[in-house]
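In what follows, a structure is listed as structure tokens, so that the remarks can point back to it.
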Amino acid sequence: MAKKSAIENNKKKAKLVKAFAGRRERLKAKANDKSLSIEEQFEARLKLAELPRNSAKIRVRNRCEISGRPRAFYRKLKMSRIALRELGSKGLIPGLVKSSW
11 MAKKSAIENN KKKAKLVKAF AGRRERLKAK ANDKSLSIEE QFEARLKLAE LPRNSAKIRV
71 RNRCEISGRP RAFYRKLKMS RIALRELGSK GLIPGLVKSS W
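Structure (structure tokens):
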């Protein structure tokens, strides 16, 4: 069996987050609602724990769309500094002017 790339895993997690976002939000609101009884809050927390772990928003990592690198990530461009520099040097990013690098 071939190992999945980090980019594929991240995309799968993002899909799960989107699918379970509404349910997770409702259960969180119920679990933190002080007007409900302790039993109802606890029940909501148990249901929240039954959801897939990767459906939590915090599990999705910002990764470069090109290399999959998780560090030095530019959110606006969705790529790492290394990929940005490579594409900038080749003149493939409009508006990016190569300085002395």
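For the sequence shown, position 10 matches number 20 in our numbering, and the numbering has no gaps at all.
In this text, a Cβ means the ideal position worked out from N, Cα and C, and glycines have one as well.
Residue pairing by DSSP places Ser-90 opposite Phe-83 in a beta bridge. When rounded, the separation of the alpha-carbon atoms in Ser-47 and Lys-57 is 16 Å.
The Cβ atoms of Ile-17 and Gly-98 lie no closer than 9 Å to each other. Boundaries of the alpha helix (DSSP H) around Arg-36: 16-41. Collapsing the DSSP output to three states places Ser-99 in a helix.
Three or more beta-carbon pairs separated by less than 8 Å are not found between the segment 36-46 and the segment 74-94, which leaves the two stretches without contact. The beta carbon of Lys-67 sits closer than 7 Å to the beta carbons of Val-27 from its chain, once the five residues preceding and following it are set aside; these are given in chain order.
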